[in-house]
Ligand SMILES: Nc1nc2c(ncn2[C@@H]2O[C@H](COP(=O)(O)OP(=O)(O)O)[C@@H](O)[C@H]2O)c(=O)[nH]1
Ligand SMILES: [Mg+2]
């Protein structure tokens with residue numbers, strides 16, 4: 004499975020590096036300097052999963068292995084970035100390289116940290132930069148494609164798609180908010196446009212704003228449109244909590260009414276947005292979450308575990324995680340005839356627990 008990355012973008016001092024650190028346990032420089040992130044950092048965040056925790060407990064597993072998702076801390080977005088202002092060019096290159104975007108909008112207020120605390124306004128500035136950069140890219144690309152299409156008619160759909168994109172972008176609309184069809188968006192993928200990526204929004208709240216979290220997030224939702232996930236996170240608080248022992252962390256977060264905290268939801272939303280799904284294996288040695296692409300069939304999923312399992316695939320024994328938990332063990336499920344026996348055409352579902360029969 005190709006590595007797919009989610010890029011954190013936002014205005015300076017919105018909390019990107021802090022969020023990156025909290026998610027990945029990494030060590031991005033967290034500082035008030037606008038361009039403190041001189042090198043692009045990328046790191047892996049664990050995707051917490053209560054289903055896996057429960058399976059691991061059921062099987063008394065020695066090890067629990069979670070899925071993960073990769074984040075990139077991309078600096079350099081300021082007004083004018085589309086024209087190369089600030090670290091504009093590096094910023095644009097960074098965004099082109101990621102597969103999806105996590106937009107960090109600052110709501111927290113702190114007079115010691117320069118920058119505005121208007122998330123809706125910041126979102127507008129940021130979208131405008133992305134739209135302008137895409138418009139420039141499309142306009143130069145469509146010229147070249149039109150010329151080539153005179154000799155090569157197979158390029159006509161791309162020309163048409165670019166023209167549609169230009170129409171949308173000219174109105175100031177990012178492609179992720181447009182009504183362009185998935186076919187057109189697929190054709191445009193080769194053009195590496197910034198707004199032709201899936202988007203997730205994190206609103207960075209101050210501790211004193213936690214009780215207004217939904218109200219603030221709803222204002223962002225109103226401008227973001229229905230298809231974009233908007234999560235409110237108190238990044239500073241959660242990153243401080245990350246530094247604590249697990250039990251102390253839980254005490255702190257539940258004490259504030261934050262449950263397990265918002266970071267798991269950020270990782271889960273990111274994972275899902277990238278089109279990733281999870282199946283499980285469970286036993287006394289380990290319980291493990293494996294990542295597959297939505298719609299994949301059983302042999303391909305077997306191949307995620309090991310290529311031998313795909314090559315020699317015979318069948319998969321399958322049960323959904325919650326049914327297995329109810330039955331209490333794999334052997335109970337087997338004895339009671341509750342395991343599905345599935346062949347090569349079985350489309351694996353998110354939350355399936357698998358055992359692969361194979362022969363090489
Ligand atoms: N008060 C407050 N400060 C924060 C919060 N999140 C980040 N900061 C501070 O804002 C500054 C910039 O954060 P940073 O993560 O480097 O922002 P970036 O420029 O977007 O990468 C740092 O001094 C952080 O400690 C928050 O939720 N509350
Ligand atoms: Mg930073």
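Residue numbers (this note's numbering): 4 to 363.
Backbone N, C-alpha and C define an ideal beta-carbon position, used for all residues, glycine too.
- Annotation for residue 353: 280, 281 place their beta carbon closer than 7 Å to its own, counting only its chain and skipping 5 residues before and after.
- Taking 8 Å as the cut-off, the Cβ atoms of residue 75 and residue 10 count as close.
- Within a 10 Å sphere around the beta-carbon of residue 161 sit 16 or more other beta-carbons, which makes this residue buried.
- Shown here for residue 346: same chain residues with a beta carbon closer than 6 Å to its own, the five before and five after excluded, namely 318 in chain order.
- Excluding residues up to 5 positions away in sequence, 6, 7, 8, 9, 45, 46, 47, 48 lie with their Cβ nearer than 8 Å to the Cβ of residue 73 in the same chain.
- In the DSSP assignment, residue 284 falls within the unbroken beta strand (DSSP E) covering 279 to 285.
- Taking the C-beta atoms as reference points, residue 205 is found nearer than 8 Å to residue 236.
- For residue 24, the enclosing alpha helix (DSSP H) has its first and last residue at 19 to 27.
- A straight-line Cα-Cα distance of about 23 Å links residue 284 and residue 276.
- In the displayed model, residue 347 falls within coil according to three-state DSSP, outside both helix and strand.
- Around the beta-carbon of residue 62, 16 or more other beta-carbon atoms lie within 10 Å, marking it buried.
- Residue pairing by DSSP places residue 333 in no beta bridge whatsoever.
- Using a cutoff of 7 Å, the CB of residue 211 does not count as near ligand 1, since none of the ligand's heavy atoms is closer than that.
- Residue 240 and residue 18 have their C-alpha atoms some 12 Å from each other.
- Residue 184 and residue 175 have their C-alpha atoms spaced approximately 18 Å apart.
- According to DSSP, residue pairing for residue 207 in a beta bridge involves 109, 236.
- If you draw a straight line from the Cα of residue 245 to the Cα of residue 126, it comes to about 27 Å.
- Relative to ligand 1, even the nearest heavy atom lies 7 Å or more away from the CB of residue 156.
- Here the C-alpha atom of residue 93 lies approximately 27 Å from the C-alpha atom of residue 226.
- If you compare the alpha carbons of 298, 60, 233 with that of residue 270, the shortest gap goes to 233.
- Closest by C-alpha distance to residue 115, out of 297, 341, 322, 16, is 16.
- In this structure, residue 207 keeps its C-beta atom at 8 Å or more from the C-beta atom of residue 327.
- Listed in chain order, the alpha helix (DSSP H) runs fully inside the segment 253 to 281 are 266 to 276, counting runs of at least 4 residues.
- For residue 294, the enclosing beta strand (DSSP E) covers residues 289 to 296.
- Nearest to residue 60 by C-alpha distance, out of 247, 196, 288, 118, is 288.
- Relative to ligand 2, the beta carbon of residue 113 is positioned no closer than 7 Å to any heavy atom.
- C-alpha of residue 349 to C-alpha of residue 67: approximately 26 Å in a straight line.
- Ligand 2 has a heavy atom closer than 7 Å to the beta-carbon of residue 78.
- Taking all protein chains in view, the Cβ of residue 24 is crowded by 16 or more other Cβ atoms within 10 Å, so the residue is classified as buried.
- Sequence-distant partners of residue 332 (beyond 5 residues in either direction) whose C-beta falls short of 8 Å from its own C-beta, in its chain, are 61, 62.
- Ranked by how close their Cα comes to the Cα of residue 314, the residues 356, 363, 222, 343 have 363 in first place.
- At least 8 Å separates the beta-carbon of residue 321 from that of residue 266.
- Exposure of residue 344 is indicated by the presence of fewer than 16 other C-beta atoms within 10 angstroms of its C-beta.
- Distance between residue 336 and residue 120, taken at the CA atoms: about 54 Å.
- Counting C-beta atoms within 10 angstroms of its own C-beta, residue 97 has 16 or more neighbours from the protein chains shown and is therefore classed as buried.
- Going by C-alpha positions, residue 86 is about 9 Å away from residue 139.
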